[in-house]
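Asker: A single structure is presented below for examination.
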Amino acid sequence: MQLIGRALTLAIALLVGGVQTGNPRDGDPAAIQAGAALFRERCADCHGADGKWVRGPDLTRLWTAEGSDERVFRTIRSGVPGSIMPASPAPDDELWAIVAYLRNISTARPEESSGNVANGDRIFAASCASCHRVNDRGGRLGPDLSRIAASQSNQVLARAIRDASASFANGYEPVTLVTRDGQQIQGTRKGEDAFSIQIMDTRERLQGYLKASLREVIRDRKSLMPDFGPDRLSDRELNDLLAYLGTLRASAPSKRLPASSGDQR
3 MQLIGRALTL AIALLVGGVQ TGNPRDGDPA AIQAGAALFR ERCADCHGAD
53 GKWVRGPDLT RLWTAEGSDE RVFRTIRSGV PGSIMPASPA PDDELWAIVA
103 YLRNISTARP EESSGNVANG DRIFAASCAS CHRVNDRGGR LGPDLSRIAA
153 SQSNQVLARA IRDASASFAN GYEPVTLVTR DGQQIQGTRK GEDAFSIQIM
203 DTRERLQGYL KASLREVIRD RKSLMPDFGP DRLSDRELND LLAYLGTLRA
253 SAPSKRLPAS SGDQR
C-alpha cells in the first residue's frame, strides 16, 4: 500500500511538470467526445467516472498545478513504474483525445464579476489566508488556491465557502486521531495504509502514527474550515471575494465545450 501511495504521488508529479505544448485534438468536439468514451472505458476504474479519483489521483486538478498536455500524454503513454498504472499502447490520436477530454473537464471559463477585487483580496487575507496559500503566501492546512479559478466556477466556489463540509479535496479530508491516553489530534489526512496514517495537524505539522498506537481514527464529516454563512460573510462580501478568486488563474484555458448528456460529471 505504501509503495502504491508513493507511486501515485510520483504520477501527480510527472503529470504537473513540463513545458506546455499543443495538443492536436485540443478543443475538437469530436475528439473530446471520443476521449470521454475512452476515459470511461480505460481509466474510470481507478480515477473515477469524473476523473476525481477512486484509487488514482484526482486528474481534474492537473492544469491548475501548471500541468501540460504533453506531460499528461507522456504519463498515459509510459505509465508509472511501480504503480498500478500501466503503459498504454493505444494510438497517439486516442491518447490525445483522452487528454483533450481531461482538459475540457478540468478548466473553467473566465467569469465576469461585479465584485470589488481589492476588497475581496482584503477579505481573503483576513478570513482565508491563515489556511490557504496564494502564490507562496498563506497557510498550508487547506488547498493551495493560486489557480483555483482555472478549474472552479463561481457557483462551485460560492458553495464551498457557504458550506465547507459539502465536499473535501483529496488530501484534505478532516480526521481526528485519538491516542491511547485519550488525547485528540485534529488535522487533514495526507496518507494512509493498513498500518499507519499521516496527517497535517492544525498547527501545520506533518505527523505519522502507527494505527496500533491509536485508540481510534475518526473520519470527521465536519470540515476544519468554518461555514461562511450570511451572518459571517454578506452576499456583497461574498461577491467581492469571488471577484478576487476569479483573478487566480493559470495560463489561458483551452476551448471548453458546453456540458452535454455524453459528458456527465
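Going by my numbering, the sequence shown opens with residue 3, and the numbers climb by one from there. For glycine and all other residues, C-beta sits at the position ideal for the given N, C-alpha and C.
1. Taking C-beta to C-beta, are Tyr103 and Phe41 nearer than 8 Å?
2. Please report how far the alpha carbon of Lys257 lies from the alpha carbon of Val82, in whole angstroms.
3. Could you please give the first and the last residue of the uninterrupted beta strand (DSSP E) stretch that includes Ile199?
4. Tell me whether the beta-carbon of Tyr174 lies closer than 8 Å to the beta-carbon of Gly144.
5. How should Asn137 be labelled, buried or exposed, when 16 other C-beta atoms within 10 angstroms of its C-beta is the threshold for buried?
6. Mind checking Pro176: buried by the 16 CB within 10 Å criterion, or exposed?
7. Identify whether Gly140 lies in helix, strand or coil by the three-state DSSP scheme.
8. Return no unless some Cβ of chain C is closer than 8 Å to the Cβ of Gln185.
9. Give the straight-line distance between the Cα atoms of Ser90 and Glu96, rounded to the nearest whole angstrom.
10. Determine, using beta carbons only, whether Thr249 and Asp222 come nearer to each other than 8 Å.
11. Drop a sphere of 10 angstroms on the beta-carbon of Thr181, count the other beta-carbons inside from all chains shown, and report buried for 16 or more, exposed for fewer.
12. Leaving aside the five residues before and after Gly141 along the sequence, list all residues of the same chain whose C-beta is less than 8 Å from its C-beta, in chain order.
13. Report the CB separation of Trp98 from Pro26 in whole angstroms; it is logged as a contact under 8 Å.
Answerer: Walking through what the data contain:
1. yes
2. Per-residue confidence for Lys257 stands at a pLDDT of 43, beneath the threshold of 50, marking its modelled position as unreliable; no derived number is given.
3. Ser198 to Asp203
4. yes
5. exposed
6. buried
7. strand
8. Although the question refers to chain C, the structure presented lacks it and comprises just one protein chain.
9. Distance between the alpha carbons of Ser90 and Glu96: 10 Å.
10. no
11. exposed
12. Taken in chain order, the residues that qualify are Ala131, Ser132, Cys133, His134, Arg135 and Glu206.
13. 6 Å
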